[in-house]
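Numbering (full-length UniProt numbering), first residue to last: 1 to 81.
Take a look at the structure below.
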């Protein structure tokens, strides 16, 4: 889901929308996704993706993956779901 491809973006918090987009993308990469690739898929700058990932990580939803520079979702989604 590339944010630039969306014809109509939902109203509300842009950061929330972007963070949820990253979660949706990461759900397709159980072993982790490199920051650069995640940035490309989301259509966002790497610095923006990194900032959003840091927020998700501080809440326990994202963690660094074994591969350097990669991130993956945590099992916290199971508890929430």
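Beta carbons: idealized from backbone N, C-alpha and C, even for Gly.
In terms of Cβ geometry, residue 71 and residue 32 form a close pair [threshold 8 Å].
Scanning its chain for C-beta atoms nearer than 7 Å, with the 5 sequence neighbours on each side dropped, one finds around residue 39 the residues 45, 46, 49, in chain order. With at least 16 other beta carbons inside 10 angstroms of its own, residue 19 counts as buried. Listed in chain order, the non-local C-beta contacts of residue 16 below 7 Å within the same chain number zero, local neighbours out to five positions each way being set aside. Between residue 53 and residue 22, the C-beta spacing is below 8 Å. Its Cα nearest to that of residue 36, the residue 67 stands out among 80, 67, 81.
Judged by DSSP secondary structure, residue 56 falls within the alpha helix (DSSP H) whose first and last residues are 46-58.
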